[in-house]
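Inspection log for the structure reproduced underneath, given as structure tokens.
Residue numbers (the working numbering): 277 to 565.
Next up, the structure:
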């Protein structure tokens, strides 16, 4: 499979490949590459655990400031498939939320209280999530300090989850609910912890992406998915299972590269948003040929 083709669909995780995990912002060159590619007719969909508010601030607003071409539409799948919206030169459309996948608001209140009482020196409660409950490393805290406290927070959050009798997963260990099914999980990343329905995931995001593109006749056969964690491979897994020609770009391969039935692409010597920028620059170079 060639690395680049004349027109491909891009399904992009945000934290890591696009937004720096250090600054939580998107470098301007990446904004410019995405606008060029979308303007050339490449479908661009963001598939992220982030909220719609984060996408507005870090992607929509900088893109509008730079100028979204007329007729270009971006799609954003947020909270791992729990919410989604589209945006163009006129701004954001309606945000849709799958309420069946949302945690009780009282559970979020209890986690917020936990953070304020015990972990405020390390992390903050994400007030922008509509369905999942998330905390995030404070910008002035080192990664080592945050990760050292994260495991204890995850254990405390799991105890709250148990008190709601909703079931859960913590670090690979499951607690079935009264029906013998697991309903929720605690999913730690290098800068955050998400507490979410087990139905959420990057595969659900990929499914929603195709549904968003279909009414506009924009679904190409060839795709590149881009991510920084092992869970991001679910995007390519889903597309491959549906018969699409797909390759996955891993911008943090040091976490371990699994064996897959599709190509895995790596930007040697680069990680996170630098690797994402290099990949996108290569895509833009195709437009000049």
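Cβ coordinates follow ideal geometry from the N, Cα and C atoms, glycine included.
Being a predicted model, the structure only gives us computed values, none of them experimental.
{"Check": "Need the endpoints of the beta strand (DSSP E) that residue 411 sits in, please.", "Outcome": "409 to 413"}
{"Check": "Under 8 Å between the Cβ atoms of residue 527 and residue 543?", "Outcome": "yes"}
{"Check": "In the DSSP output, which residue or residues are listed as bridge partners for residue 372?", "Outcome": "360"}
{"Check": "Mapping DSSP to helix, strand and coil, what is residue 344?", "Outcome": "coil"}
{"Check": "How should residue 497 be labelled, buried or exposed, when 16 other C-beta atoms within 10 angstroms of its C-beta is the threshold for buried?", "Outcome": "exposed"}
{"Check": "Is DSSP giving residue 501 helix, strand or coil here?", "Outcome": "strand"}
{"Check": "Please state the DSSP three-state secondary structure of residue 495.", "Outcome": "coil"}
{"Check": "Helix, strand or coil, according to DSSP, for residue 507 in the structure here?", "Outcome": "helix"}
{"Check": "Do the region 398 to 408 and the region 319 to 329 touch if we need at least three Cβ pairs shorter than 8 Å?", "Outcome": "yes"}
{"Check": "Straight-line CA distance for residue 333 to residue 287?", "Outcome": "19 Å"}
{"Check": "What number of angstroms, rounded off, separates the C-alpha of residue 503 from the C-alpha of residue 438?", "Outcome": "31 Å"}
{"Check": "Please go through the same chain and pick out, in chain order, the residues whose beta-carbon is closer than 8 Å to the beta-carbon of residue 292, but skip the five residues on each side of it.", "Outcome": "503, 504, 505, 527, 528, 548, 549, 552"}
{"Check": "Measuring straight from C-alpha to C-alpha, what distance separates residue 449 and residue 565?", "Outcome": "Confidence in residue 449 is poor, its pLDDT being 42 and thus under 50, which makes the residue's placement too unreliable to answer from."}
{"Check": "Determine the DSSP secondary structure at residue 539, reduced to helix, strand or coil.", "Outcome": "coil"}
{"Check": "Considering only their Cβ atoms, is the gap separating residue 339 from residue 311 smaller than 8 Å?", "Outcome": "yes"}
{"Check": "Within a Cβ cutoff of 6 Å, which residues of the same chain sit near residue 417, ignoring the five residues on either side of it in sequence?", "Outcome": "398"}
{"Check": "Which of the three DSSP states is assigned to residue 461 in this structure?", "Outcome": "strand"}
{"Check": "Excluding the five sequence neighbours on either side, which residues of its own chain have a C-beta within less than 8 Å of the C-beta of residue 422, listed in chain order?", "Outcome": "398, 399, 413, 414, 467"}
{"Check": "Look up residue 327 in the DSSP assignment and say whether it is helix, strand or coil.", "Outcome": "coil"}
{"Check": "For a quick check, are the C-beta atoms of residue 484 and residue 360 less than 8 Å apart?", "Outcome": "yes"}
{"Check": "Of all the options 539, 556, 511, 494, which has the alpha carbon lying nearest to the alpha carbon of residue 319?", "Outcome": "494"}
{"Check": "Take residue 470 as the anchor and find which of 507, 365, 345 has the nearest alpha-carbon.", "Outcome": "507"}
{"Check": "Distance check for residue 427 and residue 420, CA to CA, integer angstroms please.", "Outcome": "12 Å"}
{"Check": "I'd like to know if residue 344 contacts chain C, where contact means its C-beta is closer than 8 Å to some C-beta of that chain.", "Outcome": "Absence of chain C from the displayed structure is noted, only one protein chain being present."}
{"Check": "Output yes or no for whether 8 Å exceeds the beta carbon distance between residue 536 and residue 356.", "Outcome": "no"}
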